[in-house]
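Scroll down for the structure; my scribbles are underneath it.
Protein chains: 4
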Amino acid sequence: MTTAETRAGALPELADVPARDLRVAVLGVGMMGADHVSRIYSRISGAQVVAVSDAFAEKAEQVAAEVPGCRVIDDPLAAITDDDVDAVLIATPGRFHEEQVLACIEHGKPVLCEKPLTMDAASSLGIVRAEDAYTARTGRRLVTVGFMRRFDPEYAELKALIDAGGLGEPLLVHCAHRNAAVPPHFTSEMMINDSVVHEVDVTRFLLDEEIAAVTVLRPRPTRHAVTGQSDPLLVLFETTGGRMVDVECFVSTGVGYEVRTEVVGEDGSALIGLDSGLVRTSGDPSGAARSSGIAPDFRQRFGRAYDIELQRWVDAARRGEVDGPGAWDGYAAQAVCAAGVEALRSGRRTEVGMEAR
Amino acid sequence: MTTAETRAGALPELADVPARDLRVAVLGVGMMGADHVSRIYSRISGAQVVAVSDAFAEKAEQVAAEVPGCRVIDDPLAAITDDDVDAVLIATPGRFHEEQVLACIEHGKPVLCEKPLTMDAASSLGIVRAEDAYTARTGRRLVTVGFMRRFDPEYAELKALIDAGGLGEPLLVHCAHRNAAVPPHFTSEMMINDSVVHEVDVTRFLLDEEIAAVTVLRPRPTRHAVTGQSDPLLVLFETTGGRMVDVECFVSTGVGYEVRTEVVGEDGSALIGLDSGLVRTSGDPSGAARSSGIAPDFRQRFGRAYDIELQRWVDAARRGEVDGPGAWDGYAAQAVCAAGVEALRSGRRTEVGMEAR
Amino acid sequence: MTTAETRAGALPELADVPARDLRVAVLGVGMMGADHVSRIYSRISGAQVVAVSDAFAEKAEQVAAEVPGCRVIDDPLAAITDDDVDAVLIATPGRFHEEQVLACIEHGKPVLCEKPLTMDAASSLGIVRAEDAYTARTGRRLVTVGFMRRFDPEYAELKALIDAGGLGEPLLVHCAHRNAAVPPHFTSEMMINDSVVHEVDVTRFLLDEEIAAVTVLRPRPTRHAVTGQSDPLLVLFETTGGRMVDVECFVSTGVGYEVRTEVVGEDGSALIGLDSGLVRTSGDPSGAARSSGIAPDFRQRFGRAYDIELQRWVDAARRGEVDGPGAWDGYAAQAVCAAGVEALRSGRRTEVGMEAR
Amino acid sequence: MTTAETRAGALPELADVPARDLRVAVLGVGMMGADHVSRIYSRISGAQVVAVSDAFAEKAEQVAAEVPGCRVIDDPLAAITDDDVDAVLIATPGRFHEEQVLACIEHGKPVLCEKPLTMDAASSLGIVRAEDAYTARTGRRLVTVGFMRRFDPEYAELKALIDAGGLGEPLLVHCAHRNAAVPPHFTSEMMINDSVVHEVDVTRFLLDEEIAAVTVLRPRPTRHAVTGQSDPLLVLFETTGGRMVDVECFVSTGVGYEVRTEVVGEDGSALIGLDSGLVRTSGDPSGAARSSGIAPDFRQRFGRAYDIELQRWVDAARRGEVDGPGAWDGYAAQAVCAAGVEALRSGRRTEVGMEAR
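What follows is the structure in structure tokens.
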């Protein structure tokens, strides 16, 4: 995973970015929106949440109170047009997306919209056309849709492997998308719109072509299915290039959250989602093997650890605290290494000399 | 790994942190230091690099030029005392650490010092004592040492498992620390001081006790060893509680970077470092199993993807660009899902209706 | 795998079997048939090949010459009726099976017939009816069809897990069946009849119900496909109980031989074929895990090693040879253990005292 | 594992073996001995147990009663010299081995002696010398010691990989040997003599050189250890060529039976014992990977299944039964394949036409 991240999902280094932080308004601070506020505040460099908006004013107040410099703007459209807002993150219910995204385009504000873009294809196409018009005028694009799997290090590594020709031409994709449980109102249609939609985007992302046809099969339902609903579903995609994708969508497994994707190509296959990094099948019959990569050096293996270390050091320093190994740990390591070097020289067991703490 | 991160290595959420960014001086901008500058600039929330210092002025100028608002301060001690510097990150060669860390303590500046803390145990103990005196006066601590493995999600998960009693009392630890290659001046002593030092800290971190004795054995050296040096080494630690640790340190494997740690306890064992998350051995003979965790839901599985998504969105927005799936991707997904819902209802293969792009 | 073998695929122990060896005629000694002759001769207890028959007389002579006591009978029907033949193994081309199996039934000889039983369903049904009539008269059955996967330890373990209710009710099965390459005459129809036929039997074996409908989809073919043929295929089965099975059949992967089966049930799933034993997904969201079993003791872990050890000892003894660790190895082990016990007592490194060989 | 078996641990095919079965006497029919009787009777080709002997006459009678043609000979030395006995398998307590093996040598009978060969190095050396004298006279060897791991397919694959130079020169070996539990009389010395003795032989087998020195360390004992005993132990071997081996021996893990061996060489490493076949680490830093082999074709993947299939067919036929898929299964497969071929041609879902059973 570390390897994947390095090879394919790396963050930009010292990019050409203006010094001032991006001032973000977050619309909708339910579970996803509140998570994003927290994320921007505590983990994202170069951005601040300056405004939040939510139909439940109390929830908005509560979230804003935890972020220095963040205020509540009741009307989401007012938040979009506010002069102190550079960019907008939309996490409101899907039925509000169309109006809000269009407002962002109208006012030239970059927008990250959680899926779905809108509630149907026609209105989504309207947004495409509106942004195209804006781009024609300005040369800039504004809309990003929250298909986050494209940023997952494993998916990014799989995409990079395909693009590098490592699997030859992809022919088939096998997907599984499993949730432990869903709320009692979750219908089979929602399985398509809320769950399988991710495999729709993954298919388009990995194969770089459109989906031309869909078939949905209903196997015998689990006894844990929402009453009257078909769960699991077996969904088939055919792409414009004749490739096929099968998707098991199963939202009442009772177990955990499993998302698996295997791409089968002319020259090998690759599987992600077994929580063990990308597993590649390759070779010829005399040396066929299943393999997973090893990081080339410590920057790849421990790059994530360095990020977390520094973030925690910064956070602690801002609080006037220390959060990590301290001077005593540095001293103890020196004392043990000194004994180690002595042991190396003498070939003998060497006791560590250490002061009492 | 995602699971690990969530369970054990999570970043603080909406912590009680002052609004102003932490202003950091980075001393030493060789490979590690420059990496840290880049990291703070592009991935760390709430901090800015405001000053860099390096014995090679040209290198310092070059790094500073890439970070808005960052200046060069030639004298590292001047950087430490500068009023615009809140905290210091030391990545200079080890022989300068003692003086620089002591200066940080004297001026009450939080400091993250790359290992080693100093060049020998006595001077490290001097720092411990100096910080203790400062803490006695102020109630605050200042020194963090850069043992980054403690922040690695796998190590954090292993530590959490031990602390939760999941392995019973730990008895033995098996470690392997392998590099593909080292520079021609790398001696066996450096294997102890620069490589095995990480296993020293890991041992202390995981077992929560000190190392009492060290033995270093020299197996037959590889033909790829630095001339005259013993590589691999087999190092044994005994802790004050009688636990034992064996460490294979092998720095010329020619392969990749492998760091593996297995803790064997009274009630099971756990292994990290096979690039497949933590693998736990548990159960009784009638149902003994090797297992690895599955994320409970999408926030754990894709938490990292969300972080990367937002960071890239922010970075792109600041550059006036879009970097991710766009409106067309949102439209295409809607069009396919509409066909999917129709296919679900009809039970038939359904073609996707989509406008030409 | 050892665990699997023990739990589910174990051979009978000290069964109630007559003392005299079973005298077997093998019809057809091409690749499969010759393999079976060799197998019976060198690895199977309680049986001898007493006759072989093949359309190529020379091939039959050659095989018979290597097995003491084995003769050639040109006419396969004469071999079936021969008084010295207790049982018949049919490995002739499929078009001869019907007549040969019916002859076995007529003469009351147990028969193991390689798949296909016959060339079409009607003639296979004829054999069912003929055997039923024989069974009605005698109470005995005679026909076994060579679907060998049922005897594979992994499949046997998977079946046992399902039967024990470990997955709850099975709902979906995902299969992949991949060959590196096939001969130039191999058609897509042969992919169904010769390859997918194994998934047909696996489905019926694992789910204990019949297949009610089949769909065959043709994804974009690989450039390595036999000219004009569709490869890979995506085959769907629906069972009489509404369960569904998807099968990727891909016979020109260029890689190796991969056969994978995953059963998804109401209460968990299990996957075989990643060459790492059965991997089970189970638990609830707070502790969901992927796990594989560990042998309870050495008899399971090394049962196969004991079998091979004894077979090689017997074979060597019959040749007047020794094939395995000898007295010197026993001596060396004693000498090292003596030093080990001394080292245990003294706590010191102890040199091994050993005579020169 | 299948791959391993094929590549390295294969049984001899059509070897030059006399037609008559080897007549074996088994001395000692406790757990191991009775297992071996059963194994020879039900799974080994070309051998019969004709005599058993045990200090507990009742146990001997009971075992003999289950094997046609097997009689009890009270005096083990009489069994060795019996004219109807071709070869001897010794599974008596170790203190009887010396006399029994010497008797076998005296009478020119091939003998498979369970470890230990004798109770001390001196008496084992006596056997070496006695067999050497016999060999000098006859050109034949007689003694095999029951170090069965050499026959385990994974160990055989590891040995083959080393011998083929796949790891370069081996430098270090890491071993773990874990039992769930041992009887209450099991001492730390027995851990050396009965458990670690296998790693002694594995070391000598894999590295092809002798062990020159042993060190035994005693980590903090588990609370589950036999009272007063040190468990686990950490045992170190140095070989005559300067290679080193560390062995964790832990006999009260409470979990399962785990035997793991990793060989670290100049050009890569290989690990067995994670129940997922041999895992090899190789490549250079730009493409370092952990990999496991895939069978080249079905004979490797399902070779074991064919063996079990035939053994069960033979056993069932001798009992007048059928034990495996029958004619109906052959018919059902034909009916489904016919529908499959129709579905392939039509591109449509095709119902399977099948008679009622």
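Chains as they are written, first to last, in the working numbering: chain A, -5 to 351; chain B, -5 to 351; chain C, -5 to 351; chain D, -5 to 351.
Even for Gly, the Cβ is constructed at its ideal location relative to N, Cα and C.
Note that the structure is a prediction, hence the values are computed from the model and not measured.
Top-ranked residue by Cα proximity to A/Pro177, from A/Pro104, A/Ser117, A/Met185: A/Met185
Please name the residue in A/Ile156, A/Pro319, A/Leu96, A/Ser182 whose C-alpha comes closest to that of A/Cys107. Nearest C-alpha to A/Cys107: A/Leu96.
Taking DSSP's pairing of strands, which residues face A/Ser263 in a bridge? A/Val258, A/Thr275
Neighbour flag for C/Ala2 against chain B, beta carbons, 8 Å: With a pLDDT of 33 at C/Ala2, under the threshold of 50, the modelled position of that residue is not reliable, and the figure given next carries that caveat. False, the Cβ-Cβ gap to chain B never drops below 8 Å.
Do you know how far the Cα of A/Ser117 is from the Cα of A/Ala73? 22 Å
Answer with buried or exposed for D/Met238, where buried requires no fewer than 16 other C-beta atoms within 10 angstroms of its C-beta. buried
Beta-carbon gap between B/Val257 and B/Val167 smaller than 8 Å: yes
Within 10 Å of its beta-carbon, does A/Ala81 have 16 or more other beta-carbons around it, so buried, or fewer, so exposed? buried
Using a C-beta to C-beta distance shorter than 7 Å, which residues of chain A count as neighbours of B/Arg343? Ala207, Thr209
Determine the burial state of C/Gly159: buried for a count of at least 16 other Cβ atoms within 10 Å of its Cβ, exposed for fewer. exposed
Would DSSP call C/Phe231 helix, strand or coil? strand
Does the beta carbon of C/Asp261 sit closer than 8 Å to a beta carbon anywhere in chain B? C/Asp261 is outside the set of residues whose beta carbon lies under 8 Å from a beta carbon in chain B.
Assuming C/Gly267 and C/Val253 make a contact with CB atoms under 8 Å, what is their CB distance in whole Å? So it is a contact: roughly 5 Å between Cβ atoms.
Cut-off 8 Å between Cβ atoms - residues of its own chain near D/Arg284, not counting five sequence neighbours on either side: Val273, Arg274, Thr275
Under a three-way DSSP split, which group does B/Pro319 fall into? In the three-state DSSP reduction, B/Pro319 falls in the coil class, being neither helix nor strand.
Could you check whether C/Ala19 and C/Asp76 sit closer than 8 Å to each other, using their CB atoms as the reference points? yes
Taking the runs of the alpha helix (DSSP H) that are 4 residues or longer, which of them lie wholly in the segment 80 to 145 of chain B? 91 to 100, 115 to 132
Sequence-distant residues of its chain with Cβ nearer than 8 Å to A/Trp322 (five each side left out): Arg351
Proximal residues to A/Lys153 (C-beta, below 8 Å), its chain only, five neighbours per side dropped: Shown here for A/Lys153: same chain residues with a beta carbon closer than 8 Å to its own, the five before and five after excluded, namely Ala2, Arg144, Phe199, Leu200 in chain order.
C-alpha distance - A/Leu136 paired with A/Gly102, whole-angstrom precision: The alpha-carbon atoms of A/Leu136 and A/Gly102 are separated by roughly 7 Å.
Presumed contact (8 Å Cβ cut-off) between C/Gly262 and A/Val249, rounded CB distance: 6 Å
B/Arg293 Cβ short of 7 Å to the ligand GTP heavy atom set: The ligand content of the structure shown is nil, which means the ligand GTP is not present either.
On the three-state DSSP scale, how would you describe A/Thr209? strand
Return no unless some Cβ of chain B is closer than 8 Å to the Cβ of D/Asp77. no
My parser needs the alpha helix (DSSP H) runs of 4 or more residues fully inside the segment 6 to 60 of chain B; what are they? Residue ranges of uninterrupted alpha helix (DSSP H) with 4 or more members, entirely inside the segment 6 to 60 of chain B and ordered along the chain, are 25 to 37, 51 to 59.
Across which residues does DSSP place C/Pro226 in a beta bridge pair? For C/Pro226, which the question treats as bridged, DSSP gives no partner whatsoever.
Given this structure, state the Cα-to-Cα distance separating A/Glu260 from C/Leu211, to the nearest angstrom. Between A/Glu260 and C/Leu211, the C-alpha separation is close to 17 Å.
Count Cβ pairs between the segment 284 to 296 of chain D and the segment 326 to 335 of chain C that sit closer than 8 Å; are there 3 or more? no
Whole angstroms is fine: what's the gap from A/Ser182's alpha carbon to A/Thr216's? The C-alpha of A/Ser182 lies about 13 Å from the C-alpha of A/Thr216.
Where the beta strand (DSSP E) containing D/Val239 begins and where it ends: For D/Val239, the enclosing beta strand (DSSP E) has its first and last residue at 238 to 244.
Per DSSP, what kind of secondary structure is A/Thr353 in: helix, strand or coil? Because chain A in this structure spans residues -5 to 351, residue 353 of chain A falls outside the shown range and cannot be described.
May I ask you to report which of helix, strand or coil DSSP gives A/Pro164? strand
Report the partner residues of A/Gly341 according to the DSSP bridge assignment. Answer is none; A/Gly341 lacks a bridge partner.
Counting only C-beta atoms, is D/Thr247 closer than 8 Å to chain A at any point? So, not an interface residue.
Leaving aside the five residues before and after D/Val335 along the sequence, list all residues of the same chain whose C-beta is less than 6 Å from its C-beta, in chain order. none
Closest by C-alpha distance to C/Leu71, when choosing among C/Ile99, C/Val57, C/Ala59: Comparing Cα-Cα distances from C/Leu71 to each of C/Ile99, C/Val57, C/Ala59, the minimum goes to C/Ile99.
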